[in-house]
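> Below you'll find the structure I mean.
Residue numbers (the working numbering): 742 to 1230.
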């Protein structure tokens, strides 16, 4: 990833991480303390309903909705006599109502669905993933060189004698890593698991046993590699925490971590803020004049490719091919940027020549190869559609930042009240820095003003103290939920 940067924007209300490659925003991750994701968290749960017909069970892990556990995600208890002919064991042979079970969340609650959990616990570190219940050493498939795969496997096996329980998966970022760095990760993961086992024994179900790192730490663990040029953070406190974390886990990039004290908001660099706003639009315009239309539904995401105003200079078939090839790059970027997952259907502009279809399909494959989320592509169908799946573990950007519009019964979306409040905070800070004034007046929808005076009152007070100016609020019944003005008095 040449020319890559990570920008970390920290406020009391939310933390945002942006990955920028060659000056272009590629990924955005948002975490709000009130609605943190649970992927990676470990729980001691109690089995509720067992559903033989679905080969699954619902597990009470202490959340509002019961978690879903499929038989394929259950490790059989030691000594259990189960079929060995390749058949999947029955859920009734594995679990009974009332059983206590230790599970890990591998999908957040999405929409109306509860979290997806597994008893196959994994603990990630910088270079390794520890599997306490599976005794083998594996290597990420993304490391393609046979010699390097063999070296990595042998290196980790040497640090993991047969009498030690569990096994390891060597992560993609481990390419070229020395034995000493693996040794540090092995020690850390074993200590962590020993500590967790004590916690598991001590608590009663349902209970949270282990919570994954916060978003900035996960970004350092999962997103930073030796090709990353810079990590910029606009919070001194978070910068201090990340410096300590980096010294322990990623010392090779510690000198690339910078505190950003600039007057200009960090997400105004590379127009990240504008790109986030654009990522909520249905339409994505291509440089050639063509465009994409992206529609996200509960069942799947559809992407429609159109030529728009692009007429080309050669034949119609060449114009269509050029638009479709350009669209493959834009589609791969939008999937990462919007964090779209599940089933995705792409309707490219119809191509008559099979070799053109092949070129477009290969271009899409290549564009997706830089995506950390695993995807599976199916060739063109008889209707000229490309079907694909992309691994989804967290809510999409749209579902994180928006809510169903009350004026159209869910057919469209508006930014959530929280999102509007945080935009008001950022705009107020921007205005206060740009213009000398003693007071600022915020005009907004009554629901937004109510939230600012209630749940966000501390944030508002902190902002007043920070800018040294008084802030007055005024409800405007004629304003929509997203509409507001900040007036310098």
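Built from N, CA and C at the ideal position, the CB exists for glycine as well.
Quick check: does the Cβ of residue 829 come within less than 6 Å of any heavy atom belonging to the ligand HEM?
For the ligand HEM, the structure offers nothing, since it holds no ligand at all.
> Would residue 1119 and residue 1128 be called neighbours here (beta carbons separated by less than 7 Å)?
A contact, by the Cβ cut-off of 7 Å.
> DSSP three-state call for residue 1192: helix, strand or coil?
Three-state result, residue 1192: helix.
> Is residue 761 near residue 1138, with beta carbons less than 7 Å apart?
Not a contact, by the Cβ cut-off of 7 Å.
> Take the Cβ of residue 1117 as the centre, count every other Cβ of all protein chains shown within 10 Å, and call the residue buried at 16 or more, exposed below.
Result: exposed.
> Rounded to the nearest angstrom, how far is the Cβ of residue 812 from that of residue 829, given a contact under 8 Å?
Contact flag correct, Cβ pair sits at about 6 Å.
> Going by other Cβ atoms of all chains shown within 10 Å of its Cβ, with 16 needed for buried, is residue 848 buried or exposed?
The residue is buried, with at least 16 neighbouring Cβ atoms inside 10 Å.
> Count the other C-beta atoms from every protein chain shown that fall within 10 angstroms of the C-beta of residue 1082, then say buried if there are 16 or more, exposed otherwise.
Buried, since its Cβ has 16 or more Cβ neighbours within 10 Å.
> When you compare only the Cα positions, how much space is there between residue 1069 and residue 1032?
Their backbone Cα atoms lie some 11 Å apart in a straight line.
> With DSSP as the reference, label residue 1037 as helix, strand or coil.
The answer is strand: DSSP assigns residue 1037 an E or B state.
> Around the C-beta of residue 841, are 16 or more other C-beta atoms found within 10 angstroms, so that it is buried, or is it exposed?
That one is exposed.
> Based on Cα-Cα distance, which residue from 974, 873 and 956 lies nearest to residue 1135?
Per the Cα distances, 956.
> Are the Cβ atoms of residue 1154 and residue 1223 separated by less than 7 Å?
Cβ atoms of residue 1154 and residue 1223: not closer than 7 Å.
> Counting only runs of 3+ residues fully inside the region 760-840, write out the beta strand (DSSP E) ranges in chain order.
765-772, 783-792, 797-801 and 808-811, all fully within the region 760-840.
> May I have the straight-line CA-CA distance separating residue 995 from residue 764, to the nearest angstrom?
Going from the Cα of residue 995 to the Cα of residue 764 covers about 22 Å.
> If you run the structure through DSSP and keep just helix, strand and coil, what is residue 757?
In the structure shown, residue 757 sits in a strand (DSSP, three-state: E or B).
> Go to residue 1144, then tell me how far its beta strand (DSSP E) extends in each direction, as first and last residue.
1143-1145 is the span of the beta strand (DSSP E), which, as asked, contains residue 1144.
> In whole angstroms, what separates the C-alpha of residue 746 from that of residue 1225?
Looking at the two C-alpha atoms, the distance is approximately 32 Å.
> Where do the N-terminal and C-terminal ends of the alpha helix (DSSP H) with residue 875 fall, by residue?
It is not in any alpha helix (DSSP H) - residue 875 carries neither H nor E in the DSSP assignment.
> Can you say whether residue 1228 is buried or exposed, counting buried as having 16 or more other CB atoms within 10 angstroms of its CB?
Its Cβ having fewer than 16 others within 10 Å, residue 1228 is exposed.
> For the alpha helix (DSSP H) containing residue 1200, list its first residue and its last residue.
1198-1208 is the extent of the alpha helix (DSSP H) around residue 1200.
> What residue range is occupied by the uninterrupted beta strand (DSSP E) comprising residue 1176?
Looking at the DSSP string, residue 1176 is not in any beta strand (DSSP E), and its letter there is neither H nor E.
> Would you say residue 1163 and residue 1186 are within 7 Å of each other, going by their C-beta atoms?
Going by C-beta atoms, residue 1163 is not nearer than 7 Å to residue 1186.
> Quick one: measure Cβ to Cβ for residue 1038 and residue 1085, integer angstroms, because I've assumed they're closer than 8 Å.
11 Å between Cβ atoms; not a contact.
> Residue range of the beta strand (DSSP E) that residue 1131 falls in?
Run containing residue 1131: 1126-1131, per the beta strand (DSSP E) assignment.
> What three-state label does DSSP hand residue 1092 in the structure shown?
Note: residue 1092 maps to coil in three-state DSSP.
> What distance in whole Å lies between the Cβ atoms of residue 1044 and residue 1090, which are believed to be in contact at a cut-off of 8 Å?
Wrong, their Cβ atoms sit about 12 Å apart, outside the cutoff.
> Skipping 5 residues on each side, what residues in its chain have a beta carbon closer than 7 Å to that of residue 1218?
1187.
> If you drop the 5 nearest sequence neighbours on each side, which residues of the same chain put their C-beta closer than 6 Å to that of residue 749?
Within the same chain, residue 749 has close Cβ partners 758, 957 and 974.
> At what residues does the beta strand (DSSP E) containing residue 1119 begin and finish?
Per DSSP, residue 1119 belongs to the beta strand (DSSP E) from 1116-1121.
> How far does the alpha helix (DSSP H) with residue 897 in it reach, from first residue to last?
Start and end: 887-899.
> Under a three-way DSSP split, which group does residue 1069 fall into?
Note: residue 1069 maps to helix in three-state DSSP.
> Which one of 1204, 793 and 940 has the shortest CA to CA distance from residue 832?
If we check each option's Cα against that of residue 832, 793 comes out closest.
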